[in-house]
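K.L.:
Mapping to my numbering: the sequence shown position 292 is 1593, numbers consecutive. We put the CB at the ideal spot given by N, CA and C, even for glycine.
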Amino acid sequence: MKVTVFGIGYVGLVQAAVLASVGHDVMCIDIDENKIENLKKGNIPIFEPGLTPLVQETYANGLLTFTTDAKRGVEHGTIQFIAVGTPPDEDGSADLKYVLKVAETIATHMTDHKIIINKSTVPVGTADKVSAEIASVLNSRDVQIDFNVVSNPEFLKEGAAVSDCLKPDRIVVGTDSETAKSTMRELYAPFNRNHDRMIFMDVRSAELTKYAANCMLATKISFMNEMSNLAELLGADIEAVRHGIGSDSRIGYQFIYPGCGYGGSCFPKDVQALVRTANGIDYKPALLEAVERVNTAQKQKLFNNLNKYFSGNLTDKTIAVWGLSFKPQTDDMREASSIVLMKSLWAAGAKVQAYDPEAMEECQRMFGDNESLSLAGTKESALKGADALVIFNEWSQFREPDFELI
């Protein structure tokens, strides 16, 4: 099948490469000329296990192509994925300007029936706005062309996105069109052989499913962090508690590890966006607001511990940091708890010596001009002269530290 993907960021690139790997003819469109040229050379802008060889292989065999030519992209595929970013607006709501711009672009160049798939994480009602945008442009062109707008949210975990895409738990499709349903079944047939993973529903339900899934996971994390704080004050062992509740099949073991707060490009943004959506229909989402408050407070916990230990005097103290990304197996530092700690330490007059297996370049890009930051070549060298060590994520090489060396 001929497929076009607009927006070659994290979601778009993974989805495009995986679709090409099973034989679909996929064209990737992005306005960033430098990114497109680098992709053609096999230089992948993100770290994701298994992605680089997949992109290089599918590009080499001609099933994956990259271009900035939007008109060519619209002409190429019957299926048009919208996978551009939806960054939080000033009030926390999702900004749809890039999504609607792609819709306008598709409508400007389309000459035959298209199935437009919203892959970006978007608020409930976005498909209606995309449909209205396309209809408006077609009307201004004085042409009548059939099209379908489908919601097909992604459920990828950073660090396991390729495997999640190749072997999805479920494939949620929001549409009332039988034509679109048939096309989507054909598109995803290679990933749907073991058992039927496709779940069809109306568009608005599909849009809400994505937010509901991420907000549920964020809720589990904040709940467990709250239990951890209680356990600390009550003299209980949160790890024993975790085993005790995780053995209940109604609860399970996933996403009940206490930590320093969730981050990344999804959970913080999606919780905030759903809160804003609820406020917009005069509903107070008390639980979601609490989830966000708990997470915000949890991100300050490690700084508060350090500050208390050093009696409020962190001036000229050197703090070693292991782990900069918001989770292991990625170089993504968006909304990472490490950022909150480092900024708080710098404000208190401390210095930071940091190491991460993959996020060093990203940290250099974000904070390279800060004289109070030193990026270490190894986790051991980050310890030299340090007054304390903070471990932020569970990269495998951090799991068995050499305490004698420390």
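Which residues does DSSP list as the beta-bridge partners of M1502?
P.N.:
Mapped onto the sequence shown, residue 1502 falls at position 201. Answer is G1475, bridged to M1502.
K.L.:
Alpha carbon to alpha carbon, how far is K1336 from P1346? Give it in angstroms, no decimals.
P.N.:
If you number the sequence shown from 1, residue 1346 lands on position 45. If you number the sequence shown from 1, residue 1336 lands on position 35. Their Cα atoms are separated by approximately 8 angstroms.
K.L.:
Identify which residue in M1634, V1622, H1544 has its Cα closest to the Cα of I1707.
P.N.:
Here residue 1707 refers to the residue found at position 406 when the sequence shown is read from its first residue. Looking at M1634, V1622, H1544, the one whose alpha-carbon comes closest to that of I1707 is V1622.
K.L.:
Hey, out of L1615, T1631, K1628, whose CA is closest to K1644's CA?
P.N.:
Within the sequence shown, the letter at position 343 stands for residue 1644. Per the Cα distances, L1615.
K.L.:
Between R1442, L1365, K1482, which has its C-alpha nearest I1418's C-alpha?
P.N.:
Numbered from its first residue, the sequence shown carries residue 1418 at position 117. Closest option to I1418, Cα to Cα, is K1482.
K.L.:
Determine the burial state of I1257: buried for a count of at least 16 other Cβ atoms within 10 Å of its Cβ, exposed for fewer.
P.N.:
In the structure as shown, the chain begins at 1302 and stops at 1707. Residue 1257 is therefore absent and cannot be evaluated.
K.L.:
From D1632 to K1430, what does the alpha carbon distance come to, in whole angstroms?
P.N.:
Translated into positions along the sequence shown, residue 1632 becomes position 331. Translated into positions along the sequence shown, residue 1430 becomes position 129. Distance between the alpha carbons of D1632 and K1430: 34 angstroms.
K.L.:
Just verifying my parser: in three-state terms, what is the DSSP assignment at I1380?
P.N.:
Numbered from its first residue, the sequence shown carries residue 1380 at position 79. In the three-state reduction of the DSSP assignment, I1380 falls in the strand class, which pools E and B.
K.L.:
Could you tell me how far apart the beta carbons of I1380 and I1407 are, in whole angstroms, since I believe they sit closer than 8 angstroms?
P.N.:
Taking the sequence shown and counting its residues from 1, the one referred to as residue 1380 is at position 79. Taking the sequence shown and counting its residues from 1, the one referred to as residue 1407 is at position 106. Under the criterion of beta carbons closer than 8 angstroms, I1380 and I1407 do not qualify as touching, at roughly 11 angstroms.
K.L.:
How would you write the range of the beta strand (DSSP E) that N1417 sits in, first residue to last?
P.N.:
Position 116 of the sequence shown, counted from the start, is the residue given in the question as residue 1417. In the sequence on display, residue 1417 carries Ile and not Asn. 1415-1419 is the span of the beta strand (DSSP E), which, as asked, contains I1417.
K.L.:
Below 8 angstroms on the Cβ atoms is my guess for L1625 versus D1657; work out the distance and round it to an integer in Å.
P.N.:
Here residue 1625 is taken as the residue at index 324 of the sequence shown, counted from 1. Here residue 1657 is taken as the residue at index 356 of the sequence shown, counted from 1. Contact flag correct, Cβ pair sits at about 4 angstroms.
K.L.:
Hey, out of H1325, D1331, A1689, whose CA is closest to F1248's CA?
P.N.:
In the structure displayed, the chain extends from 1302 to 1707; residue 1248 sits before or after that span and is not available.
K.L.:
When we look at the beta-carbon of M1517 and count the other beta-carbons within 10 Å, is it buried (16 or more) or exposed?
P.N.:
Working through the sequence shown from its first residue, we reach residue 1517 at position 216. Counting Cβ neighbours within 10 Å, M1517 comes out exposed, since fewer than 16 surround it.
K.L.:
Starting from the Cα of D1715, find the closest Cα among D1413, L1340, A1462 and give me that residue.
P.N.:
Any question about residue 1715 goes unanswered here, given that the chain covers just 1302 to 1707.
K.L.:
Mapping DSSP to helix, strand and coil, what is P1491?
P.N.:
Against the sequence shown, residue 1491 aligns to sequence position 190. Three-state result, P1491: helix.
K.L.:
To the nearest angstrom, how far is the alpha carbon of R1442 from that of D1392?
P.N.:
As a first step, residue 1442 must be located in the sequence shown, where it is residue number 141. As a first step, residue 1392 must be located in the sequence shown, where it is residue number 91. When rounded, the distance between both Cα atoms is 35 angstroms.
K.L.:
Please check the pair V1400 and T1387, which I expect to be a contact at CB under 8 angstroms, by giving their CB distance rounded to whole angstroms.
P.N.:
Locating residue 1400 in the sequence shown gives position 99, where the first residue counts as 1. Locating residue 1387 in the sequence shown gives position 86, where the first residue counts as 1. Right, their Cβ atoms sit about 6 angstroms apart.
K.L.:
For the putative contact between S1639 and F1568, defined by C-beta atoms under 8 angstroms, what is the C-beta separation to the nearest angstrom?
P.N.:
Within the sequence shown, the letter at position 338 stands for residue 1639. Within the sequence shown, the letter at position 267 stands for residue 1568. About 16 angstroms separates the two Cβ atoms, so there is no contact after all.
K.L.:
Among residues of its own chain, excluding the 5 on either side of W1696, which ones have a beta-carbon nearer than 7 angstroms to its beta-carbon?
P.N.:
Against the sequence shown, residue 1696 aligns to sequence position 395. The residues are G1624, P1629, P1658.
K.L.:
What is the DSSP secondary structure of P1354, counted as helix, strand or coil?
P.N.:
Locating residue 1354 in the sequence shown gives position 53, where the first residue counts as 1. Note: P1354 maps to helix in three-state DSSP.
K.L.:
Jot down the residue ranges of each uninterrupted beta strand (DSSP E) in the stretch 1323-1377, minimum 3 residues, whole runs only, in chain order.
P.N.:
Runs of the beta strand (DSSP E) inside the stretch 1323-1377: 1326-1330, 1365-1368.
K.L.:
Considering only residues of the same chain and omitting the five flanking positions on each side of T1353, which have a CB-CB separation below 7 angstroms?
P.N.:
Counted from its first residue, the sequence shown places residue 1353 at position 52. I1345, listed in sequence order.
K.L.:
Under 6 angstroms Cβ to Cβ from G1351, same chain only, skipping five residues before and after it: list those, please.
P.N.:
Locating residue 1351 in the sequence shown gives position 50, where the first residue counts as 1. Only V1463 meet the Cβ criterion.
K.L.:
Helix, strand or coil for V1463 per DSSP?
P.N.:
As a working mapping, residue 1463 is identified with position 162 in the sequence shown. In the structure shown, V1463 adopts helical secondary structure according to DSSP, grouped into three states.
K.L.:
Residues in its own chain within less than 6 angstroms of E1527 by CB, not counting five upstream and five downstream?
P.N.:
In the sequence shown, the residue the question calls residue 1527 occupies position 226. Same-chain partners within the cutoff: V1595.
K.L.:
Quick check: the stretch 1315-1329 against the stretch 1363-1379, are there 3 or more CB pairs under 8 angstroms?
P.N.:
yes
K.L.:
Just how far apart, CA to CA, sit E1681 and T1476?
P.N.:
Counting from one through the sequence shown, the residue named residue 1681 turns up at place 380. Counting from one through the sequence shown, the residue named residue 1476 turns up at place 175. Taking the straight line from one Cα to the other gives about 53 angstroms.
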